[in-house]
Amino acid sequence: MPASTDSSATDVDSGCENDAPQVSALFLIKFDKKIGYTIAWKRSCVDVPLDGAVEFKSLPSGLHAVKSDLVYFVHEGYAGLSAFAKGDASAEERNANFVAVGILVSRRYGRLGRSWLLAGRLQKMASSLADNPDLTAPLEEFWAEQASPKASASKEGAQRGHSRARALSTITAVIPSDQSLPAFHPALSVIQYLDVFGPLVFRLQQAALLRKRILFVGAPPVRTCCEFVYNLSVLSSIPPHAAELLSPGTEGLLRLPALFSVGVHDIPQLEQLQVPKANGAQAAGDELPSQGWVACTTDEILTTKKALYDIVVEMPHAYDAPPSKRRWPGMKTSDGAQIKASQRDLWRYKMLHRELWKHRRRASSTTDDVDEDDDRAALLRQASEEEEEDAFSEMDDSIVEPLTWTRLAYQGFMWWASAGEQPAYTASERDRDRDLLGDLSDYHEGLQTAIIAYFHRSTTLLLIILNELVERQDEEGEEDEGLVVDRDEVSRMGLDTWSEADRAFLQELLWMYFGRVADVEGRTLECCGCRIPVF
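Residue numbers (my numbering): 1 to 535.
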């Protein structure tokens with residue numbers, strides 16, 4: 001399960017590329033009451049071991065509690081996808097058949113090798129085999145299609161064209177703004193990703209940019225968590241034009257490897273990923289080694305192996321609870337310290353959430369033919385806004401850093417100094433945040449594209465400003481001294497000038513990507529010509 005096998009040049013498989021990938025292996029896993037999960041049928045055209053591995057990867061712990069699921073994983077450098085289904089059976093068979101139909105595909109064409117294009121067909125086969133695991137004719141038919149010379153030649157030609165297109169594309173060129181993603185594409189869950197994590201999406205983005213080892217822990221079904229792994233890896237990738245600003249030797253940091261579903265059986269591989277390859281040897285097409293990764297698991301025992309990960313994200317059991325009953329995910333370091341969003345993160349998330357809400361409301365009113373001026377539309381709008389405010393008020397206590405007394409005192413002073421008006425500094429900060437977000441309606445049906453582009457713009461802006469500071473220091477001949485980042489520059493980067501966590505993030509980011517030690521200044525209060533630090 002190497003972390004460096006994902007070498008595609010773009011982030012999101014384009015929706016216009018609907019050619020399903022060539023399948024390297026196909027297998028059926030079923031539950032045997034005597035020996036547990038076993039491979040009941042398999043075919044492979046590559047020399048990759050399947051037994052003793054894909055059974056556990058395809059069927060994470062606790063999956064028997066759900067009716068069906070999709071599981072993404074990585075095995076021996078290949079992308080894996082399995083469709084799980086539970087069917088009725090006799091009491092002798094514990095009243096249920098548990099089966100999973102899985103595939104392996106090459107990762108040369110993306111994090112998942114476009115395996116999601118075959119998800120629907122795998123689901124149908126799994127559902128059929130759950131009723132009678134011995135009727136393997138659909139598997140034979142599917143494999144025969146894969147092995148046919150015509151199909152292989154067609155897919156090989158499509159892959160050559162796809163590879164050429166990838167070489168000419170950029171990391172932020174996802175799909176046309178007027179084209180929506182096809183069914184089963186994992187990026188379709190990016191809006192749900194924002195809803196589930198709230199303002200913590202910005203702390204997750206920071207951890208991912210620092211290439212931490214990030215582990216999502218939750219209960220089945222696991223499809224959503226696997227898609228969240230994909231989303232974070234995509235959102236935290238560094239666009240090529242921003243990568244050109246970085247110091248030499250940072251090529252292995254351009255993206256966060258996605259391992260998708262992992263379990264107890266993956267502990268030896270996760271231990272190997274703690275240290276980069278000592279000799280620096282790389283397989284053809286592999287990225288430079290990186291310690292970081294993002295994965296998900298249903299095995300809570302992994303959280304006790306604190307040397308394996310840097311950040312653990314405890315997922316709530318229900319994602320669709322109303323705001324008044326919502327449980328936010330818990331985000332902690334491996335030593336148990338809780339991670340909270342900053343006050344500016346909260347503001348940026350509110351802004352993003354409201355823009356998404358307005359976009360969806362417009363789409364809904366168009367679909368339902370509701371006049372925005374009528375009474376019913378006004379009531380719906382009021383109810384949604386009140387519900388939204390309830391959710392935001394809960395965020396203040398559970399997942400957002402509290403206002404410090406120094407910040408409150410400073411804000412009080414600024415309110416007094418500005419005669420009760422909003423200070424110009426705060427207003428300009430809000431304006432910059434809005435400008436960076438842009439108008440989501442410009443993306444029409446491709447709302448997911450708008451979100452990905454927003455996070456990529458944020459990353460690019462951050463690296464551009466840091467590069468400017470590094471170049472300025474070099475021009476002044478002070479490259480051997482600590483790099484000073486003042487509060488205005490911190491604010492321009494979209495960070496909170498009052499947050500200690502944002503200061504630490506900047507210091508680590510500068511060292512990782514530019515090799516510079518930084519002194520990040522906080523807030524100061526000017527009084528009688530003197531600057532008094534209040535950070």
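Just so it is clear, CB atoms sit at the ideal spot from N, CA and C, and this is done for glycine as well.
Proximity to Val66 across Thr297, Val54, Arg503, Phe84 peaks at Phe84, based on C-alpha coordinates. With 16 or more neighbouring CB atoms inside 10 Å of its own CB, Ala100 falls in the buried class.
As computed with DSSP, Glu508 is found in no beta bridge at all.
In this structure, the alpha-carbon of Leu245 lies about 21 Å from that of Gly292. Among the bridge pairs identified by DSSP, Cys296 is matched with Phe216, Ser261. Under the rule that a run must span 3 or more residues, the beta strand (DSSP E) segments found entirely inside the stretch 441-503 read 483-485.
Here Asp310 is buried, its C-beta having at least 16 other C-beta atoms within 10 Å. In this structure, Asn97 is the residue among Asn97, Gly77, Gly80 with its C-alpha nearest to the C-alpha of Lys86.
C-alpha of Lys212 to C-alpha of Arg111: approximately 18 Å in a straight line. Going by DSSP, His75 is part of the beta strand (DSSP E) stretching over 68-75. By the Cβ criterion, the stretch 477-495 is not in contact with the stretch 258-265, since fewer than three pairs of Cβ atoms, one from each stretch, lie closer than 8 Å. With respect to the 8 Å criterion, Ser58 and Gly113 are not classified as neighbours on the basis of their beta carbons.
DSSP, reduced to helix, strand and coil, places Ala427 within a helical segment of the structure shown. With 16 or more other Cβ atoms from the protein chains shown falling within 10 Å of its own Cβ, Pro186 counts as buried. In the structure shown, Leu245 adopts coil according to DSSP, grouped into three states.
The residue among Ile452, Leu270, Gly494, Leu466 with its C-alpha nearest the C-alpha of Ile191 is Ile452. From the listed residues Ala208, Glu55, Met493, Arg432, the smallest Cα separation to Val234 is found for Ala208.
Residue Ile29 holds the alpha-carbon nearest to the alpha-carbon of Ala53 among Leu352, Leu63, Gly62, Ile29. Per DSSP, Asn231 is not a residue of any beta strand (DSSP E); the alpha helix (DSSP H) it occupies stretches across 223-235. Looking at Glu471, Val294, Arg43, the one whose alpha-carbon comes closest to that of Ser237 is Val294.
Going by DSSP, Trp41 is part of the beta strand (DSSP E) stretching over 36-44.
About 15 Å separates the beta carbons of Tyr72 and Ser24, which is beyond the 8 Å limit, so they are not a contact pair. For Val190, there is no enclosing beta strand (DSSP E); the enclosing alpha helix (DSSP H) covers residues 190-197. Short of 7 Å from the beta carbon of Val222, and not among the five residues preceding or following it, lie these beta carbons of its own chain, in chain order: Pro60, Asp69, Val71, Ser261, Cys296, Thr298.
Lys306 is the residue among Arg348, Trp357, Leu436, Lys306 whose C-alpha sits nearest the C-alpha of Lys332. In terms of Cα proximity to Arg255, the closest of Met125, His456, Asp488 is His456. Residues of the same chain with a CB within less than 7 Å of the CB of Met493, apart from the 5 flanking positions on each side, are Leu461, Leu462, Ile465 in chain order.
Per DSSP, the beta bridge partners of Leu26 are Arg43, Ile103. No Cβ-Cβ contact shorter than 8 Å links Asp32 with Phe202. Separation of Glu141 and Arg107 (C-alpha to C-alpha, rounded to the nearest whole angstrom) is 24 Å.
Counting along the chain, the unbroken beta strand (DSSP E) around Leu81 starts and ends at 78-88. Counting along the chain, the unbroken alpha helix (DSSP H) around Gly120 starts and ends at 119-131. Taking 8 Å as the cut-off, the beta carbon of Arg432 is found no closer than this to the beta carbon of Met351. In the three-state DSSP reduction, Met331 falls in the strand class (E or B). Boundaries of the beta strand (DSSP E) harbouring Glu314: 311-314, taken from the DSSP string. Around Ile39, the same chain offers Phe27, Leu28, Ile29, Leu50, Asp51, Val54, Glu55 as residues with beta carbons nearer than 8 Å, after the five sequence neighbours per side are excluded.
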